Amino acid sequence: MRVLFTGASSFTGAWFVRELAAAGHEVTAVFTRPPDGYEDPLRRERVELVSRHARAVHGVRFGDERFVELAGGERWDLLAHHAADVTDYKSPAFDYVRALGSNTHNLDAILSALSAAGCRRVLLTGSVFEGGEGAGSEGLPDFSPYGLSKALTARAFRFACARAGLGLGKLVIPNPFGPLEEPRFTAYLMRNWLTGKTPGCNSPAYVRDNIHVSLLARVYARFAAEVPESGFLRLNPSGYVESQGAFAQRVAAEMRPRLGLECPLELAVQTEFAEPRVRINTDVLDAPALGWSESEAWDGMARWYLERTAG
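In terms of my numbering, the sequence shown opens at residue 131 and continues consecutively.
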């Protein structure tokens with residue numbers, strides 16, 4: 131397939147592009163900035179990685195004039211829209227209206243251009259933190275204003291694709307972790323262990339769904355080939371469904387022999403629950419059928435952090 135991909139500089143986006151290319155697809159990844167415009171070393175590393183596996187087009191933003199021209203100027207088999215407005219996404223003041231506008235800017239014009247050029251399929255990335263997605267507690271509310279922006283984006287895409295006569299696939303992401311990750315929970319654990327410190331888990335009672343990014347990317351590439359030319363198809367891939375305390379202990383157990391360290395942990399006694407206690411995905415994966423190795427994924431994660439610490 132010829133795939134037009136947005137959001138490739140993100141943690142999951144870089145992995146998705148690499149896996150799409152490994153599956154034999156021809157990927158064109160658009161970036162909002164020029165190659166030297168990424169000051170963050172980690173994001174710059176992702177951009178360089180993607181550029182080795184895909185054709186990179188810089189200085190293009192979803193919905194702008196150049197993007198619409200690109201969508202209609204070549205033959206595409208799939209639009210993979212992974213980009214999203216994530217500015218201050220953890221803030222309770224996150225502007226979900228602005229984010230919706232950014233995520234769907236000129237959507238009708240883009241779909242019209244794609245359709246005129248022969249493209250029949252769109253793949254949208256969703257989040258388990260959208261209202262109504264996955265399974266869990268408290269009635270599956272929108273997890274945050276960011277979650278609301280993703281839910282509204284999905285509704286807009288489903289409406290617009292149906293009206294344009296294009297098929298839509300939605301892959302719902304839980305909590306990915308692994309190499310190239312931002313400094314989130316798993317990265318925090320690894321960097322503390324590798325610098326001789328004891329990390330803590332302040333919310334060990336929350337039940338979440340953590341998934342190796344390499345497995346998620348393998349699923350994404352498989353799902354991309356299954357998106358229909360009409361109608362709607364959803365996939366909610368699931369990884370390790372357990373409390374965050376149990377997941378932290380899992381990571382420690384996997385890393386001890388690989389790092390040669392004790393990997394100690396401090397689990398707090400959680401008494402406050404500002405977030406839903408349980409939020410997980412629901413589709414159990416057949417990892418062997420995907421050609422994915424769990425032990426190799428842990429090996430790769432240990433190696434990646436060891437290399438960065440040594441450097």
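Cβ atoms here follow ideal geometry from the backbone N, Cα and C, with glycine treated the same way. Since we're looking at a predicted model, the values are computed, not measured.
{"Check": "Tell me the DSSP secondary structure of S139 in three-state form.", "Outcome": "coil"}
{"Check": "Grab the span of the alpha helix (DSSP H) containing G375 for me, first residue to last.", "Outcome": "374-389"}
{"Check": "Would you check if the region 260-271 and the region 224-231 touch, i.e. whether three or more CB-CB distances between them fall below 8 Å?", "Outcome": "no"}
{"Check": "Cα separation between A243 and V198?", "Outcome": "7 Å"}
{"Check": "What residue ranges within the region 143-200 form continuous alpha helix (DSSP H) runs of no fewer than 4 residues, ordered along the chain?", "Outcome": "171-183"}
{"Check": "With respect to the beta strand (DSSP E) encompassing L301, which residues constitute its N-terminal and C-terminal limits?", "Outcome": "297-303"}
{"Check": "Excluding five sequence neighbours on each side, which residues of the same chain lie with their C-beta closer than 7 Å to the C-beta of Y350?", "Outcome": "F146, E149, L301"}
{"Check": "With a cut-off of 8 Å, do at least 3 Cβ pairs link the region 324-344 to the region 420-437?", "Outcome": "yes"}
{"Check": "Please give the ranges of any beta strand (DSSP E) in the region 256-339, keeping only runs that are unbroken, at least 3 residues long and fully inside the region.", "Outcome": "297-303, 305-307"}
{"Check": "Whether or not the region 156-173 and the region 362-381 are in contact is what I'm after, with contact meaning three or more pairs of Cβ atoms, one per stretch, closer than 8 Å; do they touch?", "Outcome": "no"}
{"Check": "In the DSSP assignment, find the alpha helix (DSSP H) that holds R348 and state where it starts and stops.", "Outcome": "343-354"}
{"Check": "Tell me the residue span of the beta strand (DSSP E) that contains A223.", "Outcome": "Neither: A223 is in no beta strand (DSSP E) and is coded neither H nor E."}
{"Check": "Would you report the Cα separation of H212 and F192, rounded to the nearest angstrom?", "Outcome": "10 Å"}
{"Check": "A247 lies in the beta strand (DSSP E); which residues open and close that run?", "Outcome": "That residue, A247, is in no beta strand (DSSP E); it is neither H nor E in DSSP."}
{"Check": "Rounded to whole angstroms, what is the Cα-Cα separation between K280 and V160?", "Outcome": "20 Å"}
{"Check": "Counting Cβ pairs closer than 8 Å, one from the region 283-298 and one from the region 242-262, do we hit at least three?", "Outcome": "yes"}
{"Check": "Which one or two residues does DSSP pair with D416 in a beta bridge?", "Outcome": "In DSSP, D416 forms no bridge with anything."}
{"Check": "May I ask you to report which of helix, strand or coil DSSP gives R407?", "Outcome": "coil"}
{"Check": "Can you look up R132 in the DSSP assignment and give me helix, strand or coil?", "Outcome": "strand"}
{"Check": "Check this for me: beta carbons of G189 and P164, under 7 Å apart or not?", "Outcome": "yes"}
{"Check": "Starting from L208 and walking both ways along the beta strand (DSSP E), at which residues does that stretch end?", "Outcome": "208-211"}
{"Check": "Between L241 and M131, how many whole angstroms is the CB-CB distance? I'm expecting something under 8 Å.", "Outcome": "Wrong, their Cβ atoms sit about 18 Å apart, outside the cutoff."}
{"Check": "For V157, which option in E175, S139, A210 has the closest C-alpha, if you only look at C-alpha atoms?", "Outcome": "A210"}
{"Check": "Note down the Cα distance separating T328 from R314, rounded to an integer number of angstroms.", "Outcome": "16 Å"}
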